[in-house]
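Participant:
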Amino acid sequence: MCGPNRASILTGRSASFHGVVVNNLEVSGDLPTWPELLQKAGYRTGGFGKFHHTAMQLPLPAEFSHFGYDESVPTEDPKDGAYLEWIKNEHPEWYETALAMIWPRPYHSEEFKKQARAAYDKILKTRRDASEWQTMYPSPLPKELHQTAYITDLSIDFIRRHKKNHAASPFM
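In the working numbering, the protein residues as written are 21 to 192.
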């Protein structure tokens, strides 16, 4: 299970101690974390991608500095937030396609849900219906616009900037 395992990596504690025993539970900000300890030892810390440190029914925070990250850009499986904004701003011709892949959440506005549903019906429904497994289908996005590529590019950018601006200090 993603959430409990990632909380254990973040805190160095077992699920029975940190309390994240199933997915969709929030990691307590009161627990010491591995990135905080590394910061205290002089490391610069960066985290990009699917943290699973918050409940998916809640809006995704813009960053996770409270867990000890100098830089962070969280994304999650609903594929909204920073990732969708990146598509909208940098690749607007693919925005509707990315919107079709959103998992509507209680925090989304009714208008957003309506737009996402219309995009899904137009772009993704036929692909999913043609698949033996509804969740496995050929992506309508080019591979360089997948969420994984976005996360990879953010991570590489952090490493390059660190090398240029903070070469004498370690990073994680």
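Note that CB positions come from ideal geometry on N, CA and C, so glycine has one too.
Would you report the Cα separation of residue 106 and residue 118, rounded to the nearest angstrom?
Facilitator: The count along the sequence shown starts at 1 and reaches residue 106 at position 86. The count along the sequence shown starts at 1 and reaches residue 118 at position 98. Roughly 10 Å between the two C-alpha positions.
Participant: Roughly how many angstroms lie between the CA atoms of residue 41 and residue 92, to the nearest whole one?
Facilitator: Position 21 of the sequence shown, counted from the start, is the residue given in the question as residue 41. Position 72 of the sequence shown, counted from the start, is the residue given in the question as residue 92. Using only the alpha carbons, I get a separation of about 24 Å.
Participant: Residue range of the alpha helix (DSSP H) that residue 132 falls in?
Facilitator: Within the sequence shown, numbered from 1, the residue matching residue 132 stands at position 112. Segment 130-139, the alpha helix (DSSP H) holding residue 132.
Participant: Alpha carbon to alpha carbon, what distance is there between residue 84 and residue 72?
Facilitator: Within the sequence shown, residue 72 is the residue found at index 52, counting from 1. Within the sequence shown, residue 84 is the residue found at index 64, counting from 1. Going by the C-alpha atoms only, they are around 11 Å apart.
Participant: Thinking just about the alpha-carbon of each residue, which of 87, 111, 58 is nearest to the one in residue 49?
Facilitator: Counting from one through the sequence shown, the residue named residue 49 turns up at place 29. The shortest Cα separation from residue 49 among 87, 111, 58 belongs to 87.
Participant: Have a look at 62, 63, 103 and flag the residue whose alpha-carbon is nearest the alpha-carbon of residue 82.
Facilitator: Taking the first residue of the sequence shown as position 1, residue 82 is located at position 62. The option with the nearest alpha carbon to residue 82 is 103.
Participant: For the alpha helix (DSSP H) containing residue 92, name the first residue and the last one.
Facilitator: Residue 92 sits at position 72 when you count from the first residue of the sequence shown. First-last for residue 92: 91-95, but that is the beta strand (DSSP E), not the alpha helix (DSSP H).
Participant: Quick check on residue 27: buried or exposed, where buried means 16 or more other Cβ atoms within 10 Å of its Cβ?
Facilitator: Locating residue 27 in the sequence shown gives position 7, where the first residue counts as 1. By the neighbour-count rule (16 or more Cβ atoms within 10 Å), residue 27 is buried.
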